[in-house]
Amino acid sequence: RQPEMLEAGLGEALLRDLPRLSAWIRAIKETGVVLSVKVRANVVDDVELARLIDKAGADIIHVDAGNEGFGTDLDAILNYRDATRLFLIGNNSVKDFETAKEIFTRGADMVSAARGVLENSELIQELVENVTSYQQSIGWYNAPKHVCSDGDFRGLAFCCLPVKPCPVHEKFRKLGYTAEEFARTKLDFAKGTMLEYGEDTCFGSLVWCCKITKPCWIRDGVLNTIELSDAEYMKLKKQLANYVLDHARIPVNESH
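Heads up, the sequence shown is in our numbering, so the first residue is 74 and it goes up one at a time.
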């Protein structure tokens, strides 16, 4: 945003010249490097920007999702996650594990911290320890929110059978699924896995069950019976999320 950078056509100026940004990304990738592109959210259309960066061949998008006076713009992180499957770094107002976790649940694979480290020199170490511990206990440190709570596409792994009107229909239709295709895709994944069990659950299979952090004594009873840990259950749910996205008729970076 600095005037001298804008005058030189660099930094934020590139966000307003997307053809040039795309050309630069393609040229840099020809050198064989792993390329991370850092952007500021809410300057241009974030969905269009994410898809351009994706299709130009970048490997990572690093989003400064500042919301002046209000911390991180979590909706911006979500918009990027639902526009691309690239590795996503969320930035701005990361002060502790709780703020980092909010960014993770919107789809970030990693967070970065700046001012927070100036206020707490141990912040990075604390984040590493907490994320590691959380991953060990839950199995999916950046698991999404449920779709009915504004979760990203990955949250389709936690959706129940689509038998009544609810937000899940709009979500899977953006990926080109019909209700029948969506249901069949989840059931196809479940075959031969521990998610196939759970005939006493609401829809007869763990594949339709929710996030482990949402209380459910029926689901937990099944997990105890089949001796499947919370972490292993969530690891399977992560694989299911990837399977649903891999088999979508419309790729994430073309969804609408």
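C-beta: ideal position from N, C-alpha, C; glycine also.
- Taking 8 Å as the cut-off, the beta carbon of A131 is found no closer than this to the beta carbon of V112.
- In this structure, F226 sits near K244, with a CB-CB distance shorter than 8 Å.
- Here the alpha carbons of S210 and N203 stand approximately 11 Å from one another.
- For a cut-off of 8 Å, the C-beta gap from V280 to A263 is around 4 Å, short enough to register as a contact.
- Beta-carbon to beta-carbon, A156 and N115 are separated by about 14 Å, too far to satisfy the 8 Å threshold.
- With respect to the C-alpha of G228, the residue from M267, Q312 and V117 having the closest C-alpha is Q312.
- Taking 8 Å as the cut-off, the beta carbon of L147 is found closer than this to the beta carbon of E175.
- Counted as a single uninterrupted DSSP element, the beta strand (DSSP E) harbouring H135 occupies residues I133 to D137.
- If the five residues before and after E199 are omitted, its C-beta is found closer than 8 Å to the C-beta atoms of D169, F170 and N193, all from its own chain and listed in chain order.
- Between the stretch 316-328 and the stretch 210-220, the count of Cβ pairs shorter than 8 Å is below three; the stretches do not touch.
- With respect to the 8 Å criterion, R124 and N315 are not classified as neighbours on the basis of their beta carbons.
- Per the DSSP secondary-structure output, G265 pairs with nothing in a beta bridge.
- When the Cα atoms are used, D273 and I291 turn out to be separated by approximately 7 Å.
- Between the alpha carbons of F255 and R179 lies a distance of about 22 Å.
- Residue burial is scored here from C-beta neighbours: C283 has at least 16 other C-beta atoms within 10 angstroms and is therefore classed as buried.
- DSSP, read as helix, strand or coil, puts F160 in strand.
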